[in-house]
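Just so we're aligned: 1744 in the working numbering is position 871 of the sequence shown, and the numbers increase by one with no gaps anywhere.
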Amino acid sequence: MIDAVKDYLAPKTFRIFTYVCVIVHSLCGLALSAFTTFLRISENAGKFFCLVDGKSTATYKKQVDQVCFARYDQAYNSPLPLCGFVPLSIGVAVLVSVIYSLIVSTRVDEIESRHEQQTDGETENCGQNRKTEYVFYSYFVHLVLRGLFLITLTVLHHTYLYPNGFDFKFSCNLPPADRVSSNINTPKNASRNLNVILGEVIYLLPRFNSHSGVSLGGDSKFVIEYLLGKQYNVAGESEPLTRIEDNPPHSQDSGTEDCIDVYKEQVLNRFRDPSIIYGPNANIDELYIDVVIHTGRAQHNFSEEMERHEIYDVYMKVPLYSICLEKIDELFYPNRDTKGKFPRSILVIGRPGIGKTVLTEKIIRDWANGIDEYYSEKIVFFFKFRWFNENNNKLKNISLKTFLQFGTGLSEEKFESIYEEIAKEPQKAIFIFDGLDEYHGEPISCLDQSRIIPNDPNTGTSAIHLFIKLVLGDLLKGATVVVTSRPTADGFYSRLDFDRNVEIIGFTSDKIEEYVSRFCDNNNTNYLTTKIWNHVKSSSELLNLCYIPVNCFIVCVTLSGCLSDPRNETDALPTTLTELYQTASDHFEKHHRRNADRNSMAHEALKKLQRLAFLGMKSGQLVFNQTLFDEEIKKSGLLNSLSNPIFPLQTQFCFIHLTIQEFLAAGHVTETFTPAEIKKFISDHVESGQWHLVLQFIAGLLGKKIKNFDREYKDCVFAFAESLEVTNDRIEKLKYHEVFIMKCLKEVDNEEITKEVCEATAINDLVELVASTLFYNLSPSEWAAVIFVCKHMKNLANLELSNVSADCLPGLLRKRCLNKLVMHVKTRGPYAKPEAYEIDQIFSTLVELNCISDHKHTKLTSLTLVGFRMTETGLPIMCNFFENGYASQLEQLTLKRNRIDSHKISKLCEALNNGHCPNLTHLDLRNNSIRDEGAKVLCDTLTKGLRKLNKLDVSVCELTVCCIPILVKALQDERCQMTDLSLKNNAIGDKGAHQCIPSLRKTLQDERCQLNGLSLRDNAIGDEGACMLFEDALTNKHCKLTELDLSECSLTDKCIASLRKALQDERYQLTVLFLGNNTIGDKGACMLFEDALTKEHFKLTELDLSRCLLTDKCIPSLCKTLQDERCQLTVLLLADNVIGDKGACMLFEDALTNEHCKLTGLNLRLCSLTDKCIPSLCKALQDERCQLTELSLARNDIRAKDVCMLFEDALTNEHCKLNELNLFECLVTDLCIPAGSLWKVLKNGQCVLKIRRLLPKSNYFTENGKNSAS
């Protein structure tokens, strides 16, 4: 047994003396356990004896022994025999030691190995796998557990188990006739000596605080020095990324570590940043931050048909496939967005109040606490950009060392060794720069200037130049740099090319609920938790306002104040943003004012504060010198005092949050400006994002004035809507600016004023509104604003809406003349709630449309519902919509992805069969589980109630070959007018082409069949099925097919011979053929190009060979084909093939410039193109024979320099006919815009390029670049 214990007790996990004690303890335990067991057996075996008179008989002596043992057993023994007590008391202590040793042995081996490698001068990479066990804590806990257990057993021993001890001279009184004196020999249970354990705990206890939040560096020192008894010569076990040639002496390392410890203590003990207002009792280390990594262009999968790429803007919701970080330290670890590498530069974007400063504060505190292994060996420096503004003169000509010293607040003496450490090993440094948008200077010009400043750390320069050089890696290369900013600074930060972009999206609904609970706990108002949360979740406006943490705090403060106010008998609670901030401001003044009586601020003092807030907004100032504040203002609960980081004796002030400053600035405008001045102010600033929240507050304050019968302010509200542009009676792309205008009108909170605004401005002419997530992803609260305004647009008849809640529909649609309605529901992402979007409410609302019940001049002709949920309760409501004539004029119906099964489609067809929808020509049922049973019912409807239907889409409907017979029967019925049929993504060919293709072939040969468009995409019909169609159907004189889609149909080059033969036949009518995503290869493509496309009967004008394993080898044949005058191809899709620069250049130079080439559209997306092919393309576009009008080069390695060449040399040429250019996900920046390339193109009279196809989302265009382009 002792060998087993020794195997599990690693000597290096204990001090030598402690290890010897554990082994001796184990040995003694074994010996005592054996001895006590032997005694117990002996006692039970009758070996308990007493000393009696020698004259007594043996029988009498035995009787005395038994009586005495019974009395002794009753007096001294316990339910737990001594033979059990001894092993328990020793075994558990040994077991705790074994468990501890097993837990930490691997970690100790690792630290010892690293220490030996470092001693030998070896290096290894930092930032390896994270560990969860810390040796110091484990060692300390194991000592405490051993001590507590032994103490517990000692107490039990004396109080319960053996309270009378053990009498070595036990005497029992026999009957008087025979008095006996007994002398009993019992084993002595010696008291346990806890001196060793207690002494070691007392020795380690003073070190516990210094190891609190122990970093791995402290862990290593404990193992090396305390457990192994060696000299600790390095700051931690993690080696730097680069080799250290000359290690400094131990005393220097110790001095550096001491300075770092002082710095960490300073970080942990300093006051919380004044802009963090989560409440007085909130612990910054427990705050939750939900950050999402933007993985750039690789994560945005937009369709090729997209007309304009989504703008990168902070007000957007996070991309669907972004990476959500579980912990803050994951910011620094590799992921797929950094291609497995540690990010060196990290950009954090966030809206006002979203928690950017909280994030930076959490990072530096996590470092000081040693929360994660990544922070081991790191030194964090913290800066705020506003410091650069406040001390501009002092920070103009400083060295890197002086600059970094500001980031620590340490004295020059203590900072010296820290600077030497990071100068030698820059990868140890983490630089945090908070609030880039707060910098007042011209950072873009500074970026250009920094290029000519020497990369010498001793050269004196400005703070902003040093910041730029740190981000670019010109100084301290290898250091990690974290920068936070509002999106208003995107013109600058987009030029710095960060390794990782992060956006803080704030709280989700469950985190809001958690925050409400925690807020009430912190403020001793637990009884209000349910009331506050119920009120918040009952209002979509409030709930979606609270995803911003500062708004969540303000809402909680406001609602708790209202609910706990005894004067609020009606429980009236604020709902608009202005009301919330007004109530919150009053609350802060009442409860946080810095004087004894806490009286509200005097009117004059409030006016001064509002003026300062306005002037600060005007000049971009967030921090103010104390000279601007008198004693009365300084007491305000809306202000925070903070020390100057460079001149600590100078007190400064800032508002508790920027949004509070913006609210007060709005109050200054509405209280001191005349109505005419307010209107001009709105008109002048409505395009400036910096003032948008101020303007929204102004709208709310104007609404209050108007409610108080100050009608002269009504015209001011009109100024918001005057900037709204309506082109051709429509807003095709509802973007942030349009949404902002509607938010302001809703903030006024006056239905009559909004109605007047809509009637008197361009809004009155609006007929069509498209609000798609492709252009701007609206939150539910923004939808509430859009609907608030839209319901007053009398002429609005065409609506396309995405992610709007069904609850909003009654107010938007009821009593409206509607011609077209398109509604999409987001079923994935942070705001998706598919269970909340049932289709019954949609149809219930449509029943009440004016255009159905009253008017004749406008009828609902097009209805598209995508992503809703068809329920059993909603089914009769939908059927009622059709059966009662509400769809009598409907021409187009799309019910895509609405969870419609075979039963529900049967009910729908039953309603359609009775002639209730006589004009329907287009029916789209994609992505529903209608299956073969539902398809049979649907096919029956094609010859009865839907005789005018000419387009049917049943893609992704789980159809099999079993539905083909009934389908072809319907198509052969003379009553069926079907011309376009899509069967994409079903299982029609899974059982073999012979099961389905013969029936389809026979149908296409029937003269009654009207089909001219057929899609069998993603059905495994194979070469056999394709040959049947090519040879027997396409060449039949009755076949009317002009468009055929056989993409993803498991085709190879074996079917090309049959296709070639069909294309040479004069009877075939096919003009469009899709063969994408098949393994046709170069051999099949060359056969097609050479033998078919050049024949005199060739009619094909559009050909798709995307993703067909083509290479440069097939390009000569293609060029030869395009040069032939008999070739009719005008559109050619070659996307996602291995076509390189060589093939592209040949295609551009030899084909596009040929007089017989008719190509107008060419797609080379996701080929292997680089900058090398651009000169050939430019030459081709300049040739007057080139007919190309549409070109896609998306997702190729084409950079800004060569795009500039394309802009300047080709697009401005008089012979260039290109009007659509797709550079989606190319490495294009707006650097070519200031240089004049794009500007010159757009201003050139020869250029016909459409800008809407030029600016892709995933290129690096900033707002400045977009504005320059427009």
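We put the beta carbon where it would ideally sit given N, CA and C, even for glycine. In this text the structure is predicted, and so the values were computed from the model without any measurement.
Environment of residue i [buried if 16+ CB atoms lie within 10 Å]
{"i": "Tyr1400", "result": "exposed"}
{"i": "Gln1499", "result": "exposed"}
{"i": "Ala1302", "result": "buried"}
{"i": "Thr1994", "result": "buried"}
{"i": "Cys999", "result": "Reliability of the predicted coordinates at Cys999 is poor, the pLDDT of 36 falling under 50, and no value is obtained from them."}
{"i": "Ile1953", "result": "buried"}
{"i": "Asp1896", "result": "buried"}
{"i": "Leu2006", "result": "buried"}
{"i": "Ile1427", "result": "buried"}
{"i": "Leu882", "result": "buried"}
{"i": "Ile1150", "result": "Residue placement at Ile1150 cannot be trusted, given a pLDDT of 49 that sits under 50; what the coordinates show is reported in the next sentence. Label assigned to Ile1150: buried."}
{"i": "Asp1134", "result": "exposed"}
{"i": "Pro1153", "result": "Confidence at Pro1153 is low in this model, with a pLDDT of 48, below 50, so the placement of that residue should be treated as unreliable; the coordinate-derived value is given next. Exposed, by the Cβ-count rule."}
{"i": "Glu1504", "result": "exposed"}
{"i": "Ala1549", "result": "exposed"}
Where residue i falls: helix, strand or coil (DSSP)
{"i": "Gln1693", "result": "Residue 1693 is actually Lys in this sequence, not Gln. Correct three-state label for Lys1693: strand."}
{"i": "His1795", "result": "strand"}
{"i": "Ser1802", "result": "coil"}
{"i": "Asn1120", "result": "Annotation note: pLDDT 36 at Asn1120 (below 50); position unreliable, coordinate value reported separately. Coil at Asn1120, not helix or strand."}
{"i": "Ala1352", "result": "coil"}
{"i": "Val1375", "result": "strand"}
{"i": "Glu1624", "result": "helix"}
{"i": "Ile1219", "result": "strand"}
{"i": "Phe887", "result": "coil"}
{"i": "Phe1497", "result": "strand"}
{"i": "Thr1833", "result": "strand"}
{"i": "Ile1894", "result": "coil"}
{"i": "Val1640", "result": "coil"}
{"i": "Ser1335", "result": "coil"}
{"i": "Thr1129", "result": "helix"}
{"i": "Leu1450", "result": "helix"}
{"i": "Leu1101", "result": "coil"}
{"i": "Arg2038", "result": "coil"}
{"i": "Phe1528", "result": "strand"}
{"i": "Arg1603", "result": "strand"}
Selection from the options that minimises the alpha carbon distance to residue i
{"i": "Ser962", "options": "Thr979, Phe1022, Ala1635, Arg980", "result": "Phe1022"}
{"i": "Lys1342", "options": "Ile1378, His1313, Ser1358, Phe1304", "result": "Phe1304"}
{"i": "Leu2066", "options": "Leu2096, Lys1664, Leu1822", "result": "Leu2096"}
{"i": "Leu1574", "options": "Tyr1586, Gln1563, Trp1564, His1565", "result": "Tyr1586"}
{"i": "Asn1262", "options": "Ser1492, Ala1241, Val1221", "result": "Ser1492"}
{"i": "Asp1713", "options": "Gly1379, Pro1871, Asn1771, Leu2050", "result": "Asn1771"}
{"i": "Val1643", "options": "Asp1879, Lys1577, Cys2018, Val1599", "result": "Val1599"}
{"i": "Phe1365", "options": "Arg980, Val1344, Glu1641", "result": "Val1344"}
{"i": "Leu1748", "options": "Ala2053, Cys1782, Thr1734", "result": "Cys1782"}
Endpoints, the alpha helix (DSSP H) within which residue i is located
{"i": "Ser1318", "result": "1316-1323"}
{"i": "Lys1824", "result": "Run containing Lys1824: none in the alpha helix (DSSP H); it sits in the beta strand (DSSP E), 1824-1826."}
{"i": "Gly1576", "result": "1565-1580"}
{"i": "Glu2144", "result": "The structure shown has nothing for residue 2144, since the chain only spans 874 to 2143."}
{"i": "Val2076", "result": "2073-2078"}
Host beta strand (DSSP E) of residue i (start-end)
{"i": "Phe841", "result": "Here the chain has residues from 874 to 2143 only, and residue 841 is not among them."}
{"i": "Lys1864", "result": "Looking at the DSSP string, Lys1864 is not in any beta strand (DSSP E), and its letter there is neither H nor E."}
{"i": "Phe1306", "result": "1302-1307"}
{"i": "Thr1767", "result": "1765-1767"}
Would you be able to state if there are at least three C-beta pairs under 8 Å between the stretch 1382-1393 and the stretch 1490-1499?
no
For the 8 Å Cβ check, are there 3 or more pairs between the stretch 1380-1389 and the stretch 1331-1341?
no
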